[in-house]
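Student: Protein chains in written order, with the working numbering: chain A, 25 to 398; chain B, 25 to 398; chain C, 25 to 398; chain D, 25 to 398.
Here it is in structure tokens:
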């Protein structure tokens with residue numbers, strides 16, 4: 025190993041010589057273009073770091089062996105948390121750009137055409153990796169319309185692979201949790217699988233078992249206790265009069281074949297809800313943190329989009345963006361729509377009070393803690 | 025003067041004994057209710073401070089003598105800046121509430137009905153004072169539907185008085201700035217005042233002079249220079265093909281009788297635009313900071329509403345709020361709509377590049393600086 | 025249950041009527057005194073909340089049964105994290121006070137004498153509860169010199185009870201971890217217990233066993249593996265030439281009777297180091313988060329003290345504080361000295377690279393994960 | 025002008041390919057090294073931007089013609105404010121690095137030797153440009169001991185030129201303000217210039233006039249009013265008994281030849297104090313903002329150093345830093361000592377209550393406002 029020097033290690037010759045203002049090329053004085061370049065480079069550096077973290081958590085979640093007892097689960101939790109911390113700084117960074125007034129921006133704005141933040145392929149690729157589906161994109165194809173083919177290819181590839189959200193679904197489906205009743209139906213719930221007119225009980229049962237998570241502690245640990253029917257009744261009781269039709273949503277989310285635009289199956293939803301309800305047990309603590317970190321990331325992304333939109337509006341008003349976009353309108357629609365983890369957020373609607381939670385059988389409880397040395 | 029003690033001075037006996045959790049009254053354990061109470065009390069304390077600042081700036085702006093040379097202008101700028109700083113902390117404070125998970129909230133949520141943050145009259149009163157008009161409220165009367173009469177009265181009173189925004193308009197109208205051409209029309213602009221079919225030139229001119237700001241440095245200082253016609257031409261040239269119809273908006277904003285739902289007259293808009301364009305001159309620096317601080321406040325309010333909405337969604341999903349509101353939907357609509365100072369923000373659309381700005385006559389320039397001692 | 029109204033629930037009549045500026049009593053205009061009062065009230069509200077959290081974690085940690093498998097451990101972790109989040113906002117809040125210029129403060133400063141933030145008994149009580157010892161206080165008795173007897177009593181009581189830090193020590197001592205070698209000594213370490221000149225092997229062994237944590241997985245699980253001798257050798261190898269005398273500190277921290285001004289015993293230090301080294305195992309994840317949160321709290325408190333000191337300096341320069349303190353000097357000394365959890369922070373000095381960590385015996389590893397359902 | 029593309033404009037090929045982890049070269053897995061590289065690159069990018077702003081304000085302040093009425097003064101104020109905003113984000117960024125635990129750092133730490141953040145020449149150069157003198161550096165030559173000659177040369181050059189602080193001094197000396205009494209002495213002040221034993225009145229007067237600022241509004245505007253003697257008396261009255269020897273400092277700061285390690289002359293100090301006292305007048309508003317922004321920058325730098333120190337301590341404890349430094353100790357000493365603008369901060373000690381301020385003569389007041397058009 026040879027000696028390392030800070031300047032070389034960080035390749036500062038590259039980093040600090042990568043700012044070539046267009047205004048300088050045009051012999052026009054525009055002091056703030058340097059800020060404009062540097063802040064975007066800082067953003068792209070951090071986007072690279074976000075990819076580094078996202079790739080690592082995708083890599084871990086892809087392992088079929090990953091379960092609730094895997095040591096790597098905490099690595100996933102830790103890195104998702106880091107992503108949220110980074111996003112907070114990226115939001116804060118907007119404060120810096122807002123010290124550039126609209127008049128200062130006009131000094132060089134026209135020289136940038138048609139470049140635009142809309143061409144940040146790293147950001148779009150990140151959204152795709154995490155799980156923003158093409159179908160959910162505002163304006164569909166529009167979002168790649170100004171990208172280079174090589175970058176479009178990267179995004180299309182990410183969209184064609186399992187997103188992080190899809191991997192979370194698969195992991196949840198593997199999680200042992202409360203089983204469906206053996207008879208194949210939760211009391212009061214309409215036909216479990218609604219896509220097949222020719223159901224008979226036998227078929228139904230086999231389908232149920234296919235769509236059931238493995239029972240926590242083994243089916244025997246649950247005895248006769250029909251958790252989901254009990255829970256559904258408790259949830260129903262908790263609803264105010266005006267909320268009564270939430271029960272249909274409840275069935276749809278947890279016991280039906282879900283429409284294809286959803287990523288989470290009802291099986292995964294059941295495991296996720298169970299984690300939220302019983303996170304008090306040691307075994308469920310990290311899974312809960314994982315889900316919570318996803319909501320945190322979504323919220324930070326949402327705030328980022330919101331502040332970005334306001335900033336753009338403050339900067340250019342109703343003028344056309346340098347990339348030809350109508351600026352604020354696109355950003356607003358995207359901000360309203362692009363919640364990547366909304367299927368998790370939505371589960372909050374189906375919680376009940378802790379003191380009304382069904383008591384778990386002792387044999388199940390035992391499996392939710394650590395081995396005790398005795 | 026007698027000795028003052030910190031504990032008494034701050035009335036800590038009152039402050040620290042004002043937390044009576046409903047859960048305690050009901051003998052139910054709900055650790056996080058204390059947080060819920062304290063954070064809302066902290067918010068209301070800060071709202072009181074925001075009112076203290078808002079009342080003081082309204083008081084100053086109400087003085088008819090306040091002009092661009094008034095020493096109090098910097099007090100206004102300073103206090104508006106403080107309001108923005110406070111709002112930033114209030115946004116940050118949401119982080120604390122988000123450490124309460126939905127399950128923790130459910131421990132005491134039902135006991136609070138029908139109380140709700142929607143009953144924070146101080147916040148609504150603040151919006152009204154600053155200039156959010158009743159007509160712009162999402163859901164109109166709805167926003168006061170759960171308030172007590174005494175608080176509704178306060179808000180209605182504020183709405184019936186001159187809001188801060190109205191006072192800013194009046195101050196701008198008093199500001200000396202570039203005059204309209206004496207012939208009463210900016211070249212290429214349609215009839216200046218469109219409400220009167222019987223216009224003849226004489227009437228028109230008297231109306232113009234009524235609606236004109238006093239000319240900076242006196243009319244003589246401007247000589248033959250027709251600033252607004254020159255500026256309009258420059259603006260028109262700066263528009264991209266797809267933006268060409270902005271020129272109609274330009275006329276509407278700066279030279280026409282404005283529709284009644286606007287607070288700013290075209291006269292005020294002209295003064296505000298002039299300030300934005302020529303803020304480089306000493307005299308216009310504080311007025312520029314004032315306008316900029318209003319945009320900053322609006323942006324912080326916007327972020328606050330946005331994060332609040334996301335937080336509520338994360339906490340209760342699609343359940344009905346404790347106040348019976350449909351929660352997120354109302355908050356979303358209010359967040360989208362309630363930009364108090366949007367008429368100022370919109371002026372950004374009408375700026376042009378600094379190097380294409382009309383050069384002001386020397387005699388005018390002189391009046392934009394300080395007296396020099398010689 | 026009767027209807028609850030936001031205004032009553034939060035006792036806003038109390039909260040919003042607890043501001044009585046001295047300047048108003050003296051008929052002197054001092055706009056910023058309101059800010060001064062309200063920000064201190066907001067601080068005290070949050071201090072109350074910090075006490076609410078601190079009391080709850082102290083209550084949990086006091087249970088002798090609390091071990092690494094207790095469900096409540098995550099409650100402790102969660103609430104410590106909340107305390108850190110609150111402290112971040114309290115630091116941010118200083119930004120607001122800094123919008124008050126020194127001249128604005130002078131408008132009412134003299135009327136407050138001798139009141140001073142130094143009389144905030146809640147803050148000192150919090151430090152005491154968490155574990156700041158009287159002996160470590162800068163200026164010893166000085167810190168209570170301006171408090172009322174009732175508040176001094178509260179602090180003295182907290183100092184006489186087990187602090188949170190002491191309870192963490194006790195919990196760590198109960199944690200099963202790597203055992204000391206049965207022969208009673210770690211190779212190359214000087215007399216294990218240095219207080220007793222008449223040691224013979226028999227005595228020593230009994231003392232060792234008294235001071236040893238219970239072995240993780242039972243002593244049998246460790247076989248012949250002498251973890252601490254192995255680890256000490258690895259640590260020694262990792263030291264640069266100039267760091268060689270760290271090995272003495274190593275012995276002192278982990279294998280000797282510690283001087284009485286330390287809170288953590290060598291037994292607790294060993295458990296804490298083991299947690300830091302092997303946090304990758306599920307069982308150690310929450311204990312690691314707990315320790316990490318304490319460092320986070322200490323760092324936030326440190327930043328708070330630092331910014332507070334700078335702010336006071338900016339406000340009053342080298343003048344005497346309203347409480348008669350020499351202002352900045354006391355604050356600086358306290359900031360330098362009052363790291364409550366420094367004994368934990370110090371353990372970082374004794375880590376080694378992960379890839380050089382001793383491999384734990386399989387039988388031990390098994391006890392570090394969850395029961396697997398098979 | 026050819027079309028510009030975001031990717032090329034930002035030179036992302038360079039920026040995103042400048043991360044070459046040492047661990048990868050050594051075939052060792054160290055996930056967090058990427059974070060370590062990227063965060064330091066982000067810091068260096070922002071340091072470049074800080075230099076861009078610092079160079080521009082130095083350039084403006086260097087113009088001998090810059091006075092209180094210069095339009096560029098607001099550019100200086102605006103850019104100093106931006107520097108403070110950037111520094112806030114840089115402080116926040118430490119949160120990200122703190123998501124790297126000490127064990128994660130150890131994965132690659134040894135491979136970096138002897139590189140260290142201590143080799144960030146941009147930061148040291150920035151300190152030098154702003155005004156941190158070589159004599160004030162903790163450890164004197166030590167701070168450049170690990171830099172390359174080319175970077176040492178840059179710093180030495182900056183130290184040999186007028187720093188921003190020096191230019192602020194020169195600007196303040198040019199500012200018209202309250203004159204010294206014509207007789208050459210402020211009542212009760214010891215020999216005005218203490219370096220010359222042979223003073224006679226004539227010499228003294230000529231020296232006074234050399235060291236006096238030009239009188240605001242011309243000497244005639246002040247009539248017989250001896251501002252400084254009046255102010256000194258008022259200040260003296262404001263002192264508490266224990267503060268009485270502040271009056272000596274007062275003389276030393278405002279009326280004596282200052283020791284050479286100070287940058288600010290007594291002449292500059294007088295102008296600065298006058299600005300702080302009478303910032304209410306329009307003319308003094310921007311100068312006040314300028315001084316205030318310098319204090320803000322110093323405070324942010326101080327917080328940055330403080331948090332950096334804590335972070336390093338948390339990361340490596342009492343180990344030796346990769347650069348061979350004793351880590352925390354150096355950082356602590358530097359943090360305690362390196363307040364660049366402390367001479368301005370110190371002036372706060374010499375303010376008095378606004379309502380006791382000497383009333384300025386009408387003729388002087390007139391020159392503190394704008395030309396009024398009439």
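Here a beta-carbon is modelled for each residue, glycine too, at the ideal position from N, C-alpha and C.
Short of 9 Å Cβ to Cβ, which residues in the segment 264 to 283 of chain B face chain A?
Tutor: Residues 264, 266, 267, 270 and 273.
Student: Check the DSSP bridge columns for residue 201/B and list the partner residues they point to.
Tutor: Answer is 239/B.
Student: Among residues of its own chain, excluding the 5 on either side of residue 196/A, which ones have a beta-carbon nearer than 7 Å to its beta-carbon?
Tutor: Answer for residue 196/A: 292, 295 and 296, listed in chain order.
Student: Taking the alpha-carbon positions, what's the residue 356/B to residue 335/B distance?
Tutor: In a straight line, the C-alpha of residue 356/B is about 12 Å away from that of residue 335/B.
Student: Given residue 175/C, which residues of its chain have a CB within under 7 Å of its CB, disregarding the five upstream and five downstream residues?
Tutor: Cβ within range, chain order: 145.
Student: Thinking C-beta only, is residue 388/B closer than 8 Å to residue 246/B?
Tutor: Yes. Within cutoff.
Student: At the 8 Å Cβ level, is residue 76/B part of the contact set with chain C, yes or no?
Tutor: Chain C contact via Cβ: present.
Student: Using 8 Å as the limit for Cβ to Cβ distance, is residue 131/C near chain D?
Tutor: True, the Cβ-Cβ gap to chain D drops below 8 Å.
Student: Going by CA-CA distance only, name the one from 74/A, 140/A and 313/A that's closest to residue 63/D.
Tutor: Ranking the options by Cα distance to residue 63/D, first place goes to 74/A.
Student: Would residue 436/D count as contacting chain A if we go by Cβ distances under 8 Å?
Tutor: Nothing about residue 436/D can be read from this structure; chain D reaches only from 25 to 398.
Student: Name, going along the chain, the residues of the segment 285 to 318 of chain A whose beta-carbon falls closer than 7 Å to a beta-carbon of chain C.
Tutor: Cβ contacts with chain C come from 304, 305, 306, 307, 309 and 310.
Student: Is residue 103/D helix, strand or coil when you go by DSSP?
Tutor: If DSSP states are grouped into helix, strand and coil, residue 103/D belongs with the helices.
Student: Just mark residue 173/B as buried or exposed, buried being the case when its beta carbon has 16 or more other beta carbons within 10 Å.
Tutor: Looking at its Cβ environment, which holds fewer than 16 other Cβ atoms inside 10 Å, residue 173/B is exposed.
Student: Check the Cβ of residue 321/D against every Cβ in chain A and list those closer than 9 Å, keeping chain order.
Tutor: What residue 321/D touches in chain A: nothing, since even the nearest Cβ is about 14 Å away.
Student: Specify, as a first and last residue, the run of the alpha helix (DSSP H) that residue 358/A falls within.
Tutor: It spans 352 to 361 - the alpha helix (DSSP H) in which residue 358/A sits, taken as one unbroken run.
Student: If you follow the alpha helix (DSSP H) that residue 258/C is part of, which residue opens it and which one closes it?
Tutor: It spans 251 to 262 - the alpha helix (DSSP H) in which residue 258/C sits, taken as one unbroken run.
Student: Just checking: is the beta-carbon of residue 138/C within a distance shorter than 8 Å of some beta-carbon in chain A?
Tutor: With 8 Å as the cut-off, residue 138/C does not count as an interface residue toward chain A.
Student: Decide if residue 266/B is buried, meaning its Cβ has at least 16 other Cβ atoms within 10 Å, or exposed.
Tutor: That one is exposed.
Student: Is the segment 316 to 323 of chain B touching the segment 98 to 111 of chain B, taking contact as three or more C-beta pairs under 8 Å?
Tutor: Yes: at least three Cβ pairs fall under 8 Å.
Student: Check the Cβ of residue 42/C against every Cβ in chain B and list those closer than 7 Å, keeping chain order.
Tutor: Chain B residues near residue 42/C: 35, 38 and 39.
Student: Considering just the uninterrupted stretch of the alpha helix (DSSP H) at residue 27/C, what are its terminal residues?
Tutor: First-last for residue 27/C: undefined, no H or E at that position.
Student: If I measure Cβ to Cβ from residue 84/B and keep anything under 7 Å in the same chain, skipping five residues before and after, which residues do I get?
Tutor: Counting only Cβ-Cβ distances below 7 Å, and skipping sequence neighbours, we find 90, 96, 99 and 100.
Student: Report yes if the C-beta distance between residue 354/C and residue 162/C is below 8 Å; otherwise report no.
Tutor: Yes. Within cutoff.
Student: For the alpha helix (DSSP H) that residue 58/C lies in, which residues bound it at each end?
Tutor: First-last of the alpha helix (DSSP H) with residue 58/C: 57 to 85.
Student: For the segment 51 to 65 of chain D, which residues have a CB atom closer than 7 Å to at least one CB atom of chain A, in sequence order?
Tutor: Taking 7 Å as the Cβ-Cβ cut-off against chain A, the residues of the segment 51 to 65 of chain D that qualify are 55, 58, 59, 61, 62, 64 and 65.
Student: Check whether the Cβ atoms of residue 249/A and residue 385/A lie closer than 8 Å to each other.
Tutor: Result yes, Cβ atoms of residue 249/A and residue 385/A sit closer than 8 Å.
Student: Cβ closer than 7 Å: which chain D residues qualify as neighbours of residue 377/C?
Tutor: 130 and 131, listed in chain order.
Student: Can you tell me whether residue 272/B is buried or exposed? The criterion is at least 16 other CB atoms within 10 Å of its CB, across all chains shown.
Tutor: Exposed is the call here.
Student: Ignore the nearest five residues each way along the sequence and tell me which others in residue 34/D's own chain have a CB closer than 7 Å to its CB.
Tutor: Correct list: empty, nothing qualifies.
Student: Please list, in chain order, all residues of the same chain as residue 205/C whose beta carbon is under 6 Å from its beta carbon, the five residues on each side excluded.
Tutor: These residues qualify, in order along the chain: 250.
Student: Assuming residue 372/A contacts residue 341/B (C-beta within less than 8 Å), just tell me the rounded distance between them.
Tutor: Yes, they are in contact, since the Cβ atoms of residue 372/A and residue 341/B sit about 4 Å apart, within 8 Å.
Student: Mind reading off the beta-carbon distance from residue 332/D to residue 118/D? Whole number of angstroms is fine, and I expect it under 8 Å.
Tutor: Rounded, the Cβ-Cβ distance is 7 Å, consistent with contact.
Student: Going by DSSP, what residue range makes up the alpha helix (DSSP H) through residue 330/A?
Tutor: Residues 306 to 340.
Student: Assign residue 192/D to one of three DSSP states: helix, strand, or coil.
Tutor: Here residue 192/D sits in helix by DSSP.
Student: Could you spell out the range, first to last residue, of the alpha helix (DSSP H) harbouring residue 293/A?
Tutor: Note, residue 293/A: alpha helix (DSSP H), 290 to 301.
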